[in-house]
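Numbering (the working numbering), first residue to last: 135 to 232.
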């Protein structure tokens, strides 16, 4: 009940039909060696991203952390300067009234 039922795939007719009426070409000479060439080993199932190493990742993370810290420092400094400007303005306004 909980298992999906997939429809069976239809069998498509082949576009190419191999005809045995054409004879294979026979050569009169023997092969140079009796060994059979082996197929190359299959490629590994997982693929690595070329050019990205652990050092590169560590450098990118470090630069990101440093830039974030600098941005936070700039924000804190800007807020401090704004508060100091408001306080100075208030003090100067009080001094002018006297």
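All C-beta atoms in this analysis are idealised placements derived from N, C-alpha and C, irrespective of residue type, glycine included.
No experiment lies behind these values; they were computed from the predicted model shown.
Other residues of its chain near residue 138: CB distance less than 8 Å, five sequence neighbours each side excluded: none
Cβ neighbours of residue 140 in the same chain (closer than 7 Å, five flanking residues each side left out): none
Inter-residue Cα distance where the pair is residue 209 and residue 220: 17 Å
First through last residue of the alpha helix (DSSP H) which encompasses residue 215: 188–231
Cβ neighbours of residue 190 in the same chain (closer than 8 Å, five flanking residues each side left out): none
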